[in-house]
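This report concerns only the one structure given below.
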Amino acid sequence: MSTITIIGGHGKVAMLAAPLLNNAGHTVRSVIRKEEQSSEIEAANATPVVADVENLDTDAIAEVLAGSDAVVWSAGAGGSGEDHTWAMDRDAAIRVMDAAQKSGIRRFVMVSYFNSRLVDGEVPGVEKGDGMYAYYNAKSQADEHLRTKTDLDWTVLGPSVLTLELATQKITVDSAGETRDLDVPSTSRDNVAHVIAAVIAEPASFGKTLNFHDGDTPIAEAVAQGV
Numbered sequence: 001m002s003t004i005t006i007i008g009g010h011g012k013v014a015m016l017a018a019p020l021l022n023n024a025g026h027t028v029r030s031v032i033r034k035e036e037q038s039s040e041i042e043a044a045n046a047t048p049v050v051a052d053v054e055n056l057d058t059d060a061i062a063e064v065l066a067g068s069d070a071v072v073w074s075a076g077a078g079g080s081g082e083d084h085t086w087a088m089d090r091d092a093a094i095r096v097m098d099a100a101q102k103s104g105i106r107r108f109v110m111v112s113y114f115n116s117r118l119v120d121g122e123v124p125g126v127e128k129g130d131g132m133y134a135y136y137n138a139k140s141q142a143d144e145h146l147r148t149k150t151d152l153d154w155t156v157l158g159p160s161v162l163t164l165e166l167a168t169q170k171i172t173v174d175s176a177g178e179t180r181d182l183d184v185p186s187t188s189r190d191n192v193a194h195v196i197a198a199v200i201a202e203p204a205s206f207g208k209t210l211n212f213h214d215g216d217t218p219i220a221e222a223v224a225q226g227v
């Protein structure tokens with residue numbers, strides 16, 4: 001099994017994913033910013049790694065990732081202002097991708113949002129001044145870097161608007177097209193965690209983007225259909 005490092009290890013999705021990955025036989029390292037979060041990480045069957053990737057350069061992040069076989073990006077600025085959104089959701093994410101490559105890590109799973117994409121360098125349908133402009137564009141630019149500027153074995157996960165509902169372990173993979181995340185059913189964070197566990201060691205998902213929401217198809221089957 002693999003050693004998996006989760007960036008954003010104290011986030012809701014990461015805290016749900018860690019025990020699932022551990023139960024699957026993986027060793028899980030969760031990167032957190034605050035030492036006092038360590039006990040919660042340990043309770044989720046992961047090893048806490050205290051590091052603030054937003055303020056580390058690529059070389060320093062590579063040291064944080066050393067010994068890992070895979071990286072899961074599940075971090076985010078969390079609505080704390082546009083500057084922080086660009087710094088975390090785009091710039092830090094790109095440095096983590098570059099650090100993974102520098103460290104010889106092949107596998108990278110990016111938790112993004114439903115139908116993340118760019119057209120002529122912008123997210124279509126989202127105007128400047130929209131409260132979500134920075135978030136959508138920062139995430140989409142990071143995803144584009146992963147897809148086109150790295151040779152990692154990447155998977156981009158695009159769940160729709162997230163909820164705190166318990167996992168049904170059933171989703172629908174959506175081809176998305178021009179559909180916005182607000183126009184489809186929501187997605188349980190717990191289901192996102194199960195999707196992470198399903199794709200992490202699934203070669204058929206390499207180089208794929210899975211847009212999904214809560215649905216009627218068991219996750220393993222939906223992932224197989226989606227890739």
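Counting from 1, one number per residue, gives the positions in the sequence shown under UniProt numbering.
Cβ coordinates follow ideal geometry from the N, Cα and C atoms, glycine included.
(request) In angstroms with no decimal places, state the Cα-to-Cα distance between residue 126 and residue 117. (result) The count along the sequence shown starts at 1 and reaches residue 126 at position 126. The count along the sequence shown starts at 1 and reaches residue 117 at position 117. Spanning the two alpha carbons is a distance of roughly 11 Å.
(request) Determine the direct distance from the alpha carbon of residue 216 to that of residue 171, and round the result to whole angstroms. (result) Stepping through the sequence shown from its first residue, residue 171 is reached at position 171. Stepping through the sequence shown from its first residue, residue 216 is reached at position 216. Using only the alpha carbons, I get a separation of about 6 Å.
(message) Just to confirm my understanding: we take residue 134, look at its own chain, exclude 5 residues before and 5 after, and list those with CB closer than 7 Å. What are they?
(response) As a position in the sequence shown, residue 134 is number 134, starting the count at 1. The answer, listed in chain order, is 82, 85, 86.
(message) Could you give the first and the last residue of the continuous beta strand (DSSP E) run that contains residue 32?
(response) Walking along the sequence shown from the start, residue 32 turns up at place 32. 27-32 is the extent of the beta strand (DSSP E) around residue 32.
(message) Measuring straight from C-alpha to C-alpha, what distance separates residue 35 and residue 193?
(response) On the sequence shown, residue 35 is found 35 positions in, with the first residue counted as 1. On the sequence shown, residue 193 is found 193 positions in, with the first residue counted as 1. Roughly 23 Å separates the two Cα atoms.
(request) Report the rounded CA-to-CA distance for residue 148 versus residue 140, giving the unit in angstroms. (result) As a first step, residue 148 is located in the sequence shown; it is residue number 148 there, counting from the start. As a first step, residue 140 is located in the sequence shown; it is residue number 140 there, counting from the start. Cα-Cα distance, rounded: 12 Å.
(message) Do residue 191 and residue 214 count as a contact pair if the criterion is CB distance below 8 Å?
(response) Taking the first residue of the sequence shown as 1, we reach residue 214 at position 214. Taking the first residue of the sequence shown as 1, we reach residue 191 at position 191. A contact, by the Cβ cut-off of 8 Å.
(message) Tell me the DSSP secondary structure of residue 47 in three-state form.
(response) Position 47 of the sequence shown, counted from the start, is the residue given in the question as residue 47. If DSSP states are grouped into helix, strand and coil, residue 47 belongs with the strands.
(request) Please list, in chain order, all residues of the same chain as residue 102 whose beta carbon is under 7 Å from its beta carbon, the five residues on each side excluded. (result) In the sequence shown, the residue the question calls residue 102 occupies position 102. Correct list, in chain order: 58, 62.
(request) Measure the alpha-carbon distance for residue 90 versus residue 198 and round it to whole angstroms. (result) Within the sequence shown, residue 90 is the residue found at index 90, counting from 1. Within the sequence shown, residue 198 is the residue found at index 198, counting from 1. If I take the Cα positions, the gap works out to 25 Å.
(request) Report yes if the CB atom of residue 71 is closer than 8 Å to the CB atom of residue 96, and no otherwise. (result) For the purposes of this step, residue 71 is taken as residue 71 along the sequence shown, with counting starting at 1. For the purposes of this step, residue 96 is taken as residue 96 along the sequence shown, with counting starting at 1. Yes, the pair counts as a contact, with Cβ atoms nearer than the cut-off.
(message) So, for residue 108: in the same chain, excluding its five sequence neighbours on each side, which residues have a beta-carbon less than 6 Å away from its beta-carbon?
(response) As a position in the sequence shown, residue 108 is number 108, starting the count at 1. Same-chain partners within the cutoff: 71, 100, 152, 154.
(request) Give the C-beta separation of residue 69 and residue 2 to the nearest angstrom, bearing in mind that I take them to be a contact with Cβ-Cβ under 8 Å. (result) For the purposes of this step, residue 69 is identified with residue 69 of the sequence shown, where counting begins at 1. For the purposes of this step, residue 2 is identified with residue 2 of the sequence shown, where counting begins at 1. Right, their Cβ atoms sit about 4 Å apart.
(request) Alpha carbon to alpha carbon, how far is residue 51 from residue 162? Give it in angstroms, no decimals. (result) Sequence index remark: in the sequence shown, residue 162 carries index 162 (1-based). Sequence index remark: in the sequence shown, residue 51 carries index 51 (1-based). Distance between the alpha carbons of residue 162 and residue 51: 26 Å.
(request) Under 8 Å Cβ to Cβ from residue 105, same chain only, skipping five residues before and after it: list those, please. (result) Against the sequence shown, residue 105 aligns to sequence position 105. Hits under 8 Å: 65, 68, 69, 70, 71, 152.
(message) With the cut-off set at 8 Å, would you say residue 156 and residue 112 are in Cβ contact?
(response) The count along the sequence shown starts at 1 and reaches residue 156 at position 156. The count along the sequence shown starts at 1 and reaches residue 112 at position 112. Yes, they are a contact pair.
(request) To the nearest angstrom, report how far apart residue 47 and residue 18 are at their CA atoms. (result) The sequence position of residue 47 within the sequence shown is 47, counting from 1. The sequence position of residue 18 within the sequence shown is 18, counting from 1. Distance between the alpha carbons of residue 47 and residue 18: 10 Å.
(message) For residue 124, report the span of its beta strand (DSSP E) as first-last.
(response) As a position in the sequence shown, residue 124 is number 124, starting the count at 1. Looking at the DSSP string, residue 124 is not in any beta strand (DSSP E), and its letter there is neither H nor E.
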